[in-house]
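Residue numbers (this note's numbering), protein chains in the order written: chain A, 1 to 148; chain B, 1 to 780.
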């Protein structure tokens, strides 16, 4: 699924729940950022997408930890140990508040960890804030390793 | 026999022994050569032949009277010189065909000659010579009773005897019928060698000897040895003369004749004196054997002059003695069978009970260790303490006894470790102090490592032993060669009390105790195996449960968020619609939020169960202060006060989890409190402190107990257990600030993770106190 607004940003969402993905889309819509959104429903699909993407774009990965197949934790580990991909920031989005999960993700190189709120308004606002921060405030890498 | 006897030269040294010549010179019965007396009883005659050609080598000096030829005239003559050609032919054929060695058998009857009655001729071979004995047949004109029928009847009756006593009574009675003797006794040897009359059949006018005991010396050791070889010992005429062998030794070998198997064997003077002292005029004795041991004797006495029991009758008696010997064990087993069955039945019930409730139950309730065994008391050492039933020594005495027992070599036996005694004080002198309850002891070890024991006690039995005469009275008279022991003269009743002894333990009881030990050990082994299995199962299922709760909660949250979202959107769409519709959707959203917090609690709980504790020495004051700060932030309105009256001690615990315990208890204390002035106290009770500990579980009283006390709404006693249940709330969902109802469950889990206990004491409307410990006695 592609969302075309301004080509310079790309949000890759790994999410198997349609409702949660809709929330992300809705949040992006309400935010002041224009970005393409691509969805993968598994870790493998995510990695495929990322490898396809031209690396001269600012990419942010929003990752749900519990996805079918290669689960978020594994995908995170692969991504962060792949020299071609490890400059891409990964924001983990999870139902789990377990400190062990939090620790695991940061240790594997996650750039942020968020617990999904159950209240829709909270959930929506969290994603709006997040997109605004990462695409509005943070300076993202736009140089692909191949270009260095 | 003492060493002295062996080195002192015997009076007949240097010449062959003849009881007729040397019998009265003996100093001690135990040194008498009873098997080579050199004489026969003079009512019969004897010839010793060379087997090859039946030449007469020796003859008893009385052949003249019985066979019509003086002994000297028969020597070196063929045997026909004494018994005629026919006799010689019969004898020759007999030796050629019969198994005669050490086995006297009837050969033929020598017809009457003049005033000599018909003589029964018996013969056997021994040590390379043939021994031929001649005795009056004793037949009467009235004809012979049917001995075969008599014996057959007795054997049949013995097989049906229900008790040993009945068996012995029958034996005595039938032997008297068979022999016509005045008295027949069953004489039993006790372990120390002394004898007791256990059954008796007698002429009515005679004094009963039943129950009398006789010292071991009454039946000297050499006589006992003979009874292990022969089945009968006739002494038909106690006052009768002895006839010496001519010559006294075998002229070829120079050796005295071994008369062990001879019916005519010359009787020891000591023995005849002994019998005479008892006014016995004739005797007939047969052994009762158990395997290779002499169990006792069938002793027949006659008082009315000589009593010749003919060969035929003696043969029947011999046969009967053998049957009695064989049947005795069967009779004993029959008698013990009932007891054995009862014991084993009780023990099996005990083991079944112990399998359910543990070994301690063995001394408690019905049945217990005392219900099988005939004992006065029983004790069990198990789980580092004594369990007692009935009359036993006290615990201090048991401690000492247990220590002593555990070092007994008997306990190291692999097959049957046990210690048994009927006079404990003899082996273990301190037992004299409690001889009244424990003179008898049967002990089996249950475990070598834990020093566990199972004991049965028997009280002292003030036994009165009726001796036939004073057994301590050993009269000696000076003889030509020094002091000589004489047979007892006094057979007056002599009573003696036996102290420090119990009724002896039966083999049945011993076997059963050892079997019970096996059963218990199997039980212990299978119990520990089962416990290990259960523990493994429990650990596995706990882990699975935690993992399940964790995964389930996560997976449940996903759709929950979706439901909330749709509800939210519905609410936005319904903005303009009626209030009723809005309310329902709002309700839906509220439920999803509540479900979410329940799932969070469940998740948290499962994490508490799985997380590894980081125990360290912790200052609980710091922990409580942090907790108060955390609770403070959540405080509702109203005045409140959290007091710590005295500094808390340090404890080994996981600081973070411990804080969670206090936070949960403190927030509950404040939450369930409708007082205008809420007061909470955090404190502890030191192990040695004199302080009430309401509701304190076993084993926690000697540990440091922490508590959180409030002046809140209180909890009814019937809910004391329930408050710790997951999601159990005692109040409406939104009363007292709501909550998921997992707080105390998590507290309990956290305390348990520290191997502690949590409990409460509370009065409705007054307040509650939650107590907890942070370690168990083992882990302290």
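The C-beta atom is built at its ideal place from N, Cα and C for all residues, glycine as well. Predicted model, so just to flag it, every value in this text is computed and none were measured.
For residue i, three-class secondary structure by DSSP
i: residue 495 of chain B; result: strand
i: residue 609 of chain B; result: helix
i: residue 773 of chain B; result: coil
i: residue 761 of chain B; result: strand
i: residue 554 of chain B; result: helix
i: residue 668 of chain B; result: helix
i: residue 60 of chain A; result: strand
i: residue 754 of chain B; result: coil
i: residue 39 of chain B; result: strand
i: residue 749 of chain B; result: helix
i: residue 42 of chain A; result: coil
i: residue 559 of chain B; result: helix
i: residue 535 of chain B; result: helix
i: residue 743 of chain B; result: helix
i: residue 466 of chain B; result: strand
Residue burial classification, residue i (beta-carbon count within 10 angstroms, cutoff 16)
i: residue 780 of chain B; result: The predicted position of residue 780 of chain B is uncertain, since its pLDDT is 37 and thus under 50; a value taken from the coordinates is nonetheless stated next. Exposed: under 16 other Cβ atoms inside 10 Å.
i: residue 383 of chain B; result: exposed
i: residue 176 of chain B; result: buried
i: residue 754 of chain B; result: buried
i: residue 47 of chain B; result: buried
i: residue 764 of chain B; result: exposed
i: residue 413 of chain B; result: exposed
i: residue 113 of chain A; result: buried
i: residue 124 of chain B; result: buried
i: residue 761 of chain B; result: buried
i: residue 190 of chain B; result: exposed
i: residue 148 of chain B; result: exposed
i: residue 710 of chain B; result: buried
i: residue 759 of chain B; result: buried
i: residue 35 of chain B; result: buried
i: residue 47 of chain A; result: buried
i: residue 652 of chain B; result: exposed
i: residue 282 of chain B; result: buried
i: residue 647 of chain B; result: exposed
i: residue 722 of chain B; result: exposed
Chain-ordered neighbours of residue i on chain D, where CB pairs are closer than 9 Å
i: residue 593 of chain B; result: Looking for chain D here will not work: the only protein chains present are A and B.
Sub-8 Å separation of residue i and residue j beta-carbons
i: residue 89 of chain A; j: residue 53 of chain A; result: no
i: residue 512 of chain B; j: residue 343 of chain B; result: yes
i: residue 117 of chain B; j: residue 90 of chain B; result: no
i: residue 227 of chain B; j: residue 294 of chain B; result: yes
i: residue 82 of chain B; j: residue 63 of chain B; result: yes
i: residue 306 of chain B; j: residue 236 of chain B; result: yes
i: residue 418 of chain B; j: residue 442 of chain B; result: yes
i: residue 661 of chain B; j: residue 747 of chain B; result: yes
i: residue 134 of chain B; j: residue 75 of chain B; result: no
i: residue 389 of chain B; j: residue 405 of chain B; result: no
i: residue 508 of chain B; j: residue 340 of chain B; result: yes
i: residue 35 of chain A; j: residue 63 of chain A; result: no
i: residue 276 of chain B; j: residue 238 of chain B; result: yes
i: residue 111 of chain A; j: residue 607 of chain B; result: no
i: residue 378 of chain B; j: residue 457 of chain B; result: yes
Report the start-end ranges of each beta strand (DSSP E) in the segment 41-109 of chain B that is 3 residues or longer and not cut off at the edges.
Unbroken beta strand (DSSP E) stretches of 3 residues or longer found wholly inside the segment 41-109 of chain B: 45-50, 55-60, given in chain order.
Quick one, which residues of the segment 607-640 of chain B are near chain A if we go by CB-CB under 8 Å, in chain order?
Answer set for the segment 607-640 of chain B: 607.
Any beta strand (DSSP E) of 3 or more consecutive residues that is wholly inside the segment 202-270 of chain B
For the segment 202-270 of chain B, whole beta strand (DSSP E) runs of length 3 or above, ordered along the chain, are 233-235, 242-246.
What residues from the segment 519-543 of chain B come within 8 Å of chain A, judged by C-beta to C-beta, listed N to C?
Within the segment 519-543 of chain B, no residue qualifies.
Hey, which unbroken runs of the alpha helix (DSSP H) at 4 residues or more fall wholly within the segment 143-170 of chain B?
Taken in chain order, the complete alpha helix (DSSP H) segments of 4 or more residues contained in the segment 143-170 of chain B are 147-160.
Any C-beta of chain B within less than 9 Å: which residues of the segment 82-110 of chain A qualify?
Answer set for the segment 82-110 of chain A: 94, 95, 96, 97, 98, 99, 100.
Using a beta-carbon distance cut-off of less than 7 Å, what residues from the segment 16-27 of chain A approach chain B?
If the cut-off is 7 Å between Cβ atoms, the segment 16-27 of chain A has 17, 19, 20, 23 near chain B.
Whole beta strand (DSSP E) elements within the segment 346-428 of chain B, 3-residue minimum
Segments of the beta strand (DSSP E) lying fully in the segment 346-428 of chain B: 377-382, 385-390, 419-421.
May I ask you to list, following chain order, the residues of the segment 112-142 of chain A that have a beta carbon less than 9 Å from some beta carbon of chain B?
Residues of the segment 112-142 of chain A that bring their beta carbon within less than 9 Å of a beta carbon in chain B comprise 116, 117, 118, 119, 120, 121, 123, 124, in sequence order.
Taking any Cβ of chain A, which residues in the segment 543-565 of chain B have a Cβ under 7 Å from it, in chain order?
Taking 7 Å as the Cβ-Cβ cut-off against chain A, the residues of the segment 543-565 of chain B that qualify are 554, 557, 558, 560, 561, 562, 564, 565.
Can you check the segment 77-124 of chain A for any alpha helix (DSSP H) of at least 4 residues that lies completely inside it and give the ranges in chain order?
Given a length threshold of 4 residues, each whole run of the alpha helix (DSSP H) inside the segment 77-124 of chain A is given here in chain order: 99-107.
Residues of the segment 568-591 of chain B in Cβ contact with chain A at a cutoff of 7 Å, in chain order, please.
Within the segment 568-591 of chain B, contact with chain A at the beta-carbon level (separation under 7 Å) is assigned to 568.
Residues of the segment 692-707 of chain B with a CB closer than 9 Å to any CB of chain A: list them in chain order, please.
Taking 9 Å as the Cβ-Cβ cut-off against chain A, none of the residues of the segment 692-707 of chain B qualify.
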